[in-house]
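The structure appears below as structure tokens.
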Amino acid sequence: MDKQMLTCLPNLSAAPAITKVEEHKLIAVYATYDNEQTVSACWSKDNSQSWNEPEILIQLPNTSGRWLGQQILFDNKGWLHVFLLNDAKTGVVDDHRGEGEIHAALPQQQRLDIWHTKSLDTKNWTPIKKIWQGYCGSFNSIIQMKSGRIVLPFSYMNQRTWSNRGTGLDAFWFKGVFVCTTLYSDDNGDTWAESAYPLTVHTPCIEAYGGCEPVILELLNGQIWMLIRTQLGRFYESFSNDGDFWSAPQPTRFLSSDSPAGLLRLHDKRIVLVWNKCLRYPYALGGRHVLHAAISDDDGKTWKGHREILRDPFNNEPPPPSGDYGTAYPFPVENTDGNVLILTGQSKKRVQLLSFSPDWLMQTHQETNFDDGMDDWSVFTCKGIELFNSASGQHRKVLSIVKMDSNWPATAIWNFPMGNDGKLVMNFSFKNGVAPLKIMLTDHFSVPFDPEDAINALYVVDIDSQGFLAGKEPLKSGRLYELTMNWNCTERTCKLSLDKRLIAVLPLLRDSSEVCYLRLKSEKVTEKAFCVEHIKVSVQNLH
């Protein structure tokens, strides 16, 4: 099994933070903010297949305010560190508005202070103490460097507004209301210092947050790599040798919605990146419908995979009227069996615990024939996409795409291993006449009803209303075809063949080397159906 959805942790009132505390033992820690405020935990000794009932670790003082969230670290001396947020009685914890809602109404005096405690045995804890005061947006990762220094990245709200943008170049644009920074400790968490080099990223509009929710990972050369969530359609990055001084943030190649990343160093030195490679949707500026993962075996220089690891189980329902939702906020950890374990999702019914082998991200081949359904496709909100029995007898089921209603989309989306050089072979036919269709290869997810998918695709081929493929080759209903797309992003071409005959050479429409999606889109209302029997993809020269 490539991926495994696990039974979520038992009887938890909040999503926990998970880490490995022994070779064969995981701990899941979470804070409650009901009437009794506590830090509780449960353990697993069987690769997260089962967990014991929660046990209270810490009774939190009610006098300080309401507690929220947690970040944990099991350090090289055997201490378990717990970091919490506290609203200092300013009401933040009880505010359940989502993305874009809090920013518009959040008073500057509200707070989410950072507190810290630690234990060697999970029984006896140091007095919990405040180590930073202000409004911390959240914390999404923590590391201990080889030197022993503990580094906690986070973002905080400052006083910046459009009418008070700053001086110098900052006066000419807007960098949002958030600043990224780090806290670090050289004495195992007894004392903490804040970086003197705050990091900011410009925004696409004056309502946007700016750079926020950074995650970090120590590279093999000792540098710390930081990925910063932005509203610009991609992550920004910064580097540091010590966790204090940071380089100015720069754009990365990683396309992303306005959502945080998850970074994980495996025991075999490979790096796993988890994120929402989603664009062009109003919520979270790209959406959080799908969660992706990639892997690097050369310390982040090149990446493989870009695979879907989770789809929102409620994608086919309209989003809630308020509050956050989707697959975002991944917290990856290496499971005791060497697999990647991820807790992710927003809202209680969407929190998921899943596991997969990192080797799955290294695969270079994938195929689908619909005999087992179409669970690996995204077709939510679509009408006219269904499976029916195959007439050829080679496979039991065929995917049929018909534009039945002008008010609803008819787009089928399929993810496969990313490659800048690859080949896709699709066996297809028509029913009730030749159906017009747009076939697209691209490098990111967008919703089936995205009106700009073709504009932002990498390679596009049309079957027009007259039944011509790429404007050249006439097609007929009632026979099976084999379409081949050989792309090479380095050469900026895609060779289009029909039944092994070269028909056209398509140009690369946008700079990218990360082909990992097929989109099949019917745009004109018709009774004619485009029928897919089998698709296979193989990729090479992965980046």
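The sequence shown lines up with residues 593 to 1135 when you count with our numbering. Using N, Cα and C, we set each Cβ at its ideal position, and we do this for glycine too. For clarity, every value in this text was computed on a predicted model and none was experimentally measured.
Through-space distance from H1126 to I934, alpha-carbon basis: Cα-Cα distance, rounded: 31 Å.
Own chain residues within Cβ distance below 8 Å of G1014, not counting five before or after: Contacts found: N1078, W1079, V1107, V1129, S1130, V1131, Q1132.
Measuring CB atoms only, is the segment 1021-1028 touching the segment 997-1010, in the sense that at least three cross pairs come out at less than 8 Å? Because the criterion of three Cβ pairs below 8 Å is not met, the segment 1021-1028 and the segment 997-1010 do not touch.
Give me the Cα-Cα distance between A697 and G729, rounded to the nearest whole angstrom. Residue placement at A697 is poorly supported in this model, since its pLDDT is 43, which falls under 50; the coordinates still yield a value, given next. When rounded, the distance between both Cα atoms is 15 Å.
Between the alpha carbons of R880 and Y917, how many angstroms are there, rounded? Distance between the alpha carbons of R880 and Y917 is about 8 Å.
Quick one: what does DSSP say L877 is sitting in, helix, strand or coil? It is helical.
Provide the residue(s) that pair with V882 in DSSP beta bridges, ordered along the chain. Partner(s): R903.
Which whole runs of the alpha helix (DSSP H) in the segment 1008-1045 are 4 residues long or more, in chain order? Positions of the alpha helix (DSSP H) runs, each at least 4 residues long and wholly inside the segment 1008-1045, cannot be given because no such run exists.
How far does the beta strand (DSSP E) with P843 in it extend, from its first residue to its last? Its beta strand (DSSP E) spans residues 842-847.
Compute the distance between the beta-carbons of V743 and T792, then report whether it is under 8 Å. For the 8 Å CB-CB criterion, V743 and T792 do not form a contact.
Within 10 angstroms of its Cβ, does E900 collect 16 or more other Cβ (buried), or is it exposed? With 16 or more Cβ atoms within 10 Å of its Cβ, E900 is classed as buried.
T792 lies in the beta strand (DSSP E); which residues open and close that run? Unbroken run through T792: none, as it is neither H nor E.
If you draw a straight line from the alpha carbon of L811 to that of L847, how long is it in whole angstroms? When the Cα atoms are used, L811 and L847 turn out to be separated by approximately 21 Å.
Reference T718, options G930, F675, E1119, C1086, closest by Cα: Measuring from the Cα of T718, the nearest candidate turns out to be F675.
For P806, which residues of its own chain have a beta-carbon under 6 Å away from its beta-carbon, when the five flanking residues on both sides are left out? Correct list, in chain order: P745, C772, M818, I820.
C-alpha distance - N678 paired with N927, whole-angstrom precision: Taking the straight line joining both Cα atoms gives about 30 Å.
When DSSP labels each residue in this structure, what does R1111 get in the three-state scheme? The DSSP-derived three-state label of R1111 is strand.
So the candidates are W754, R703, T714; which of them puts its Cα closest to the Cα of I648? Of the candidates W754, R703, T714, the one whose C-alpha sits nearest the C-alpha of I648 is T714.
What is the DSSP secondary structure of N756, reduced to helix, strand or coil? Looking at N756 - three-state DSSP - the assignment turns out to be strand.
When the Cα atoms are used, what is the spatial distance from F837 to S1038? For F837 and S1038, the distance between alpha carbons rounds to 37 Å.
Roughly how many angstroms lie between the CA atoms of D951 and H898, to the nearest whole one? Approximately 13 Å, taken between the alpha carbons.
First through last residue of the beta strand (DSSP E) which encompasses A609: Element bounds for A609: 609-614.
For D904, which residues in the same chain have their Cβ closer than 6 Å to its Cβ, ignoring the five residues on either side in sequence? Cβ within range, chain order: H881, G918, T919.
Three-way DSSP call (helix, strand, coil) for N1080 in this model: Looking at N1080 - three-state DSSP - the assignment turns out to be strand.
Is S851 closer than 8 Å to K995 when the C-beta atoms are compared? Cβ atoms of K995 and S851: not closer than 8 Å.
6 Å Cβ shell around L856 - same chain, five flanking residues per side excluded: If we look at L856 and ignore the five residues flanking it on each side, its Cβ neighbours are V864, P924.
By alpha-carbon positions, which one of Q629, Q938, A1046, L824 ends up nearest to M1032? Comparing Cα-Cα distances from M1032 to each of Q629, Q938, A1046, L824, the minimum goes to A1046.
What does a CB cutoff of less than 6 Å around W784 pick up in its chain, not counting 5 residues either side in sequence? Same-chain partners within the cutoff: I723, L775, S777.
Exposed or buried, which one is T753 when buried takes at least 16 other CB atoms within 10 Å? Answer is exposed; the Cβ neighbour count stays below 16.
Does D1042 pass the burial test, meaning 16 or more other C-beta atoms within 10 Å, or should it be called exposed? With 16 or more other Cβ atoms within 10 Å, it is buried.
Going by the CB atoms, is the gap between A623 and Q663 shorter than 8 Å? It is not a contact, given that the beta carbons lie outside the stated cut-off.
With C1143 as the anchor, note down where its beta strand (DSSP E) starts and where it stops. In this structure the chain extends from 593 to 1135, so residue 1143 is not present and cannot be described.
Counting only beta-carbon separations shorter than 8 Å, does K995 have a partner in chain B? Considering every chain present, this structure includes no chain B. It has just one protein chain.
Look up N678 in the DSSP assignment and give the residues it is bridged to. In the DSSP assignment, N678 is bridged to W659, D705.
Beta-carbon proximity check, F1022 vs A1121, cutoff 8 Å: Against a cut-off of 8 Å, the Cβ pair of A1121 and F1022 comes out as a contact.
How would you label N1019, buried or exposed, when you count the other beta carbons within 10 angstroms and need 16 or more for buried? Result: buried.
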